[in-house]
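Protein chains: 2
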Amino acid sequence: MKSQAAPECQRCAFREFSLFKNCQHEELEGMNENKCFHTYKKGQVIFHEGNRPFGLFCVFDGKVKISRLNSDGKEHIIRLAKPGDTLGYRSLIENAKYTASAVALDDTQACFLPASDFNNLIDSNVKVANDLMKMLAKALGDSQERMIHLAMKPVRERLAEALLLLRSTYQQKDESAPFSISISREDLAAIVGTAKETVIRFLSEFKEDGIVTSHGSTITIVKPDRLLKISQLYD
Amino acid sequence: MKSQAAPECQRCAFREFSLFKNCQHEELEGMNENKCFHTYKKGQVIFHEGNRPFGLFCVFDGKVKISRLNSDGKEHIIRLAKPGDTLGYRSLIENAKYTASAVALDDTQACFLPASDFNNLIDSNVKVANDLMKMLAKALGDSQERMIHLAMKPVRERLAEALLLLRSTYQQKDESAPFSISISREDLAAIVGTAKETVIRFLSEFKEDGIVTSHGSTITIVKPDRLLKISQLYD
DNA sequence: TTCAAAAAATGATATAAATCACTTTATACA
DNA sequence: TGTATAAAGTGATTTATATCATTTTTTGAA
Numbered sequence: 057m058k059s060q061a062a063p064e065c066q067r068c069a070f071r072e073f074s075l076f077k078n079c080q081h082e083e084l085e086g087m088n089e090n091k092c093f094h095t096y097k098k099g100q101v102i103f104h105e106g107n108r109p110f111g112l113f114c115v116f117d118g119k120v121k122i123s124r125l126n127s128d129g130k131e132h133i134i135r136l137a138k139p140g141d142t143l144g145y146r147s148l149i150e151n152a153k154y155t156a157s158a159v160a161l162d163d164t165q166a167c168f169l170p171a172s173d174f175n176n177l178i179d180s181n182v183k184v185a186n187d188l189m190k191m192l193a194k195a196l197g198d199s200q201e202r203m204i205h206l207a208m209k210p211v212r213e214r215l216a217e218a219l220l221l222l223r224s225t226y227q228q229k230d231e232s233a234p235f236s237i238s239i240s241r242e243d244l245a246a247i248v249g250t251a252k253e254t255v256i257r258f259l260s261e262f263k264e265d266g267i268v269t270s271h272g273s274t275i276t277i278v279k280p281d282r283l284l285k286i287s288q289l290y291d
Numbered sequence: 057m058k059s060q061a062a063p064e065c066q067r068c069a070f071r072e073f074s075l076f077k078n079c080q081h082e083e084l085e086g087m088n089e090n091k092c093f094h095t096y097k098k099g100q101v102i103f104h105e106g107n108r109p110f111g112l113f114c115v116f117d118g119k120v121k122i123s124r125l126n127s128d129g130k131e132h133i134i135r136l137a138k139p140g141d142t143l144g145y146r147s148l149i150e151n152a153k154y155t156a157s158a159v160a161l162d163d164t165q166a167c168f169l170p171a172s173d174f175n176n177l178i179d180s181n182v183k184v185a186n187d188l189m190k191m192l193a194k195a196l197g198d199s200q201e202r203m204i205h206l207a208m209k210p211v212r213e214r215l216a217e218a219l220l221l222l223r224s225t226y227q228q229k230d231e232s233a234p235f236s237i238s239i240s241r242e243d244l245a246a247i248v249g250t251a252k253e254t255v256i257r258f259l260s261e262f263k264e265d266g267i268v269t270s271h272g273s274t275i276t277i278v279k280p281d282r283l284l285k286i287s288q289l290y291d
């Protein structure tokens, strides 16, 4: 991975889509001073379940999974993060240890903002505090939605949904080409909440139906509308 | 149900455990003026999935389930509310329709605070806004925890967990007597995320082991420590 | 380009839980 | 207090998905 100069918060392309969209210029300058730029190779741990959070991570490049392991070593992916997304804010607000780990799914770059700066920011800037509140509310809604689907939808529909989630999360803007992503069957199973063999079988079915194609671990979504229909069979 | 005078916010016994614990006296007086006291019979709907929220509900007495139905009519209970708990805050913050319904599990009384009062309150009182943020963070953590367990734990363990959740939510303070609750097997199944017959079977097992007893729909938890162990088999 | 290791794919089998059909027991109301 | 209705409980069967075993394909390094 080639080394790269740390980006400036003030000019960060993702700022306007991030928690920091309503920061003032001086606040951004302060953040930029105190932040710390990190790079992670694919598979590397960004933070670990059970550890204390010392600040907030903001993804600059790459893909991140936030997941939990049970004692059998089985993993469940709680959410996915993309550039501009923040990691660890819930633990910071609750002032509690991480309940999940963050792992890079690709080579990833992220900025780290110390907890004190984060706390000062939300104490001093009401807009940011409000945005954070809305972020929490949205995350809560998303989480409840996934909980419901886990309880009520069969694997086939949840897989269709997971593929659409990957698409909506990681698809480049204004790209008309079909969406492709390289993801292991094991990670996909950990999103869906099933076994990897089961994912493979339903994926094969989708391939037979011409809904997706795949080469190795790369999956291409050919007919997203069909996936949408499948995911909504029992809504 | 005998009619009862609306309680005053200023003197509400649940205030110090509620979102309003850091309200100033004048704020409480204002709330008390504008709030509206409602009573609901067991089974009655407090608000309905898909409707627009016009304010915040604060439970004064009784038990409430917040749940969603799918198109098959299958229900899943997202959370339980007790006196002092607020309902509908997520939808208000997101300024979106309810994504779940609230239904009284017992005869219930609740106060309704208009949305404008709620919004004014969190805009003007930083402490309350902060408490609300923490409430959201906690709810998000709880939701993710349940999501993980739904994905990873078998029904027996989730049932043990559900029984302990009922206990920790509805047990009276400083009560040394074993905890009892009247709840239909169907509602219990909707918390656990399984079929009612499956709940009944595992309950029978728990009864044979002397962990719980039951008469009709009333379940008594005799050995909560055993339930805790069962719920943690795979943690 | 070859080769070893990892990951995807496929098949056979086991298992947890859902569903269906029915009986027994509680509840509430006339 | 008896009786209708609803809910709890039980048994038999089906089904979705997990698990285990194995083969095939992909990947990445020598």
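The listed protein sequences derive, respectively, from chains A and B.
Counting from 57, one number per residue, gives the positions in the first sequence under the numbering used here.
Counting from 57, one number per residue, gives the positions in the second sequence under the numbering used here.
Just so you know, even glycine gets a beta-carbon here, dropped at the ideal spot from N, CA and C.
For this session: With 8 Å as the threshold, decide whether the Cβ of Y290 of chain B is near any Cβ in chain A.
Result: yes
Exercise. According to DSSP, is H132 of chain B helix, strand or coil?
Worked result: strand
Problem set entry | C-alpha distance - Q165 of chain B paired with R71 of chain B, whole-angstrom precision | Roughly 15 Å between the two C-alpha positions.
Exercise. Are any of the Cβ atoms in chain B nearer than 8 Å to that of K194 of chain A?
Worked result: yes
Problem set entry | Contacting positions in the stretch 138–168 of chain A - beta carbon closer than 7 Å to chain B | R146, I149, E150, T155
Problem set entry | Within chain B, partners of G249 of chain A - CB distance below 7 Å | A207
For this session: Compare the beta carbon distance of L188 of chain A and Y226 of chain A with 8 Å and say whether it is the shorter of the two.
Result: no
For this session: Count the CB pairs spanning the stretch 189–196 of chain B and the stretch 144–164 of chain A that are closer than 8 Å, and state whether there are at least three.
Result: Contact between the stretch 189–196 of chain B and the stretch 144–164 of chain A is present: 3 or more CB-CB pairs across the two stretches fall below 8 Å.
Exercise. Three-state secondary structure (DSSP) at Q165 of chain A?
Worked result: strand
Exercise. Does the stretch 207–221 of chain A come close enough to the stretch 282–289 of chain A that 3 or more CB-CB pairs lie under 8 Å?
Worked result: In short, these stretches touch, since the Cβ pair count reaches three.
Exercise. Taking the alpha-carbon positions, what's the K77 of chain A to E89 of chain A distance?
Worked result: So the two alpha carbons sit approximately 18 Å from each other.
Problem set entry | Selected residue, minimal CA-CA separation from I204 of chain A, among A:V248, A:I178, A:L161, A:Q228 | A:V248
Exercise. Taking any Cβ of chain B, which residues in the stretch 259–275 of chain A have a Cβ under 8 Å from it, in chain order?
Worked result: none
Problem set entry | Contact set between I134 of chain B and chain A, taken where Cβ atoms lie within less than 9 Å | Q200, M203, I204
For this session: Could you name the residues of the same chain whose beta carbon sits closer than 6 Å to that of K279 of chain B, not counting the 5 residues immediately before and after it, in chain order?
Result: I267
Exercise. What number of angstroms, rounded off, separates the C-alpha of L112 of chain B from the C-alpha of F168 of chain B?
Worked result: 6 Å
Exercise. Does any residue of chain B bring its CB to less than 8 Å from the CB of D173 of chain A?
Worked result: Residue-level contact by beta carbon fails for D173 of chain A and chain B, as no gap is shorter than 8 Å.
Problem set entry | Three-state secondary structure (DSSP) of Y145 of chain A | Here Y145 of chain A sits in helix by DSSP.
Exercise. Given a threshold of 16 other Cβ atoms within 10 Å of its Cβ, counted over all protein chains shown, does R202 of chain B qualify as buried or as exposed?
Worked result: buried
For this session: Tell me whether P170 of chain A sits in a helix, a strand or coil according to DSSP, three-state version.
Result: strand
Exercise. If P170 of chain A sits next to F116 of chain A, beta carbons under 8 Å apart, how far is it from one beta carbon to the other, in whole angstroms?
Worked result: P170 of chain A to F116 of chain A, Cβ: 17 Å. No contact.
Problem set entry | Bounding residues of the beta strand (DSSP E) (the contiguous stretch that carries D243 of chain B) | Taken as a continuous stretch (DSSP letters only), D243 of chain B belongs to no beta strand (DSSP E), being part of the alpha helix (DSSP H) at 241–248.
Problem set entry | Validate contact between the stretch 178–186 of chain B and the stretch 125–139 of chain B using beta carbons, cut 8 Å, 3 pairs | no
Problem set entry | Delimiting residues of the beta strand (DSSP E) encompassing A160 of chain A | 157–160
Exercise. Which term fits F93 of chain A, buried or exposed, when burial requires 16 or more other beta carbons within 10 angstroms of its beta carbon?
Worked result: F93 of chain A counts as exposed, since fewer than 16 other C-beta atoms from the protein chains shown sit within 10 angstroms of its C-beta.
For this session: Just the chain B side, please: which residues come within less than 7 Å of R124 of chain A by C-beta, in chain order?
Result: I204
Exercise. How would you list, in chain order, the residues of chain B whose beta-carbon sits under 9 Å from the beta-carbon of D128 of chain A?
Worked result: Residues of chain B passing the Cβ test: M208, Y290.
For this session: Classify I267 of chain B as helix, strand or coil using the three-state DSSP reduction.
Result: Assigned with DSSP and collapsed to three states, I267 of chain B falls in coil, not helix or strand.
For this session: State the DSSP-derived secondary structure class of D198 of chain B, mapped to helix, strand or coil.
Result: Look at D198 of chain B here: in three-state DSSP terms it is helix.
For this session: For V101 of chain A, count neighbouring C-beta atoms within 10 Å of its own C-beta (all shown protein chains included) and say buried if the count is 16 or more, exposed if not.
Result: exposed
Problem set entry | Beta carbon of L283 of chain A nearer than 8 Å to that of L219 of chain A | yes
Exercise. How would you list, in chain order, the residues of chain B whose beta-carbon sits under 9 Å from the beta-carbon of A185 of chain A?
Worked result: V182, A185, N186, M189
For this session: Evaluate K243 of chain A with the Cβ neighbour count: other Cβ atoms within 10 Å of its Cβ, from every protein chain shown; 16 or more gives buried, anything less gives exposed.
Result: Just to set this straight, residue 243 of chain A is Asp in the shown sequence, not Lys. When all chains shown are included, D243 of chain A counts as buried.
Problem set entry | Residue of A:N126, A:H81, A:L161, A:D173 minimising C-alpha distance to T155 of chain A | A:N126
Exercise. Is the beta carbon of S236 of chain A less than 8 Å from the beta carbon of I275 of chain A?
Worked result: yes
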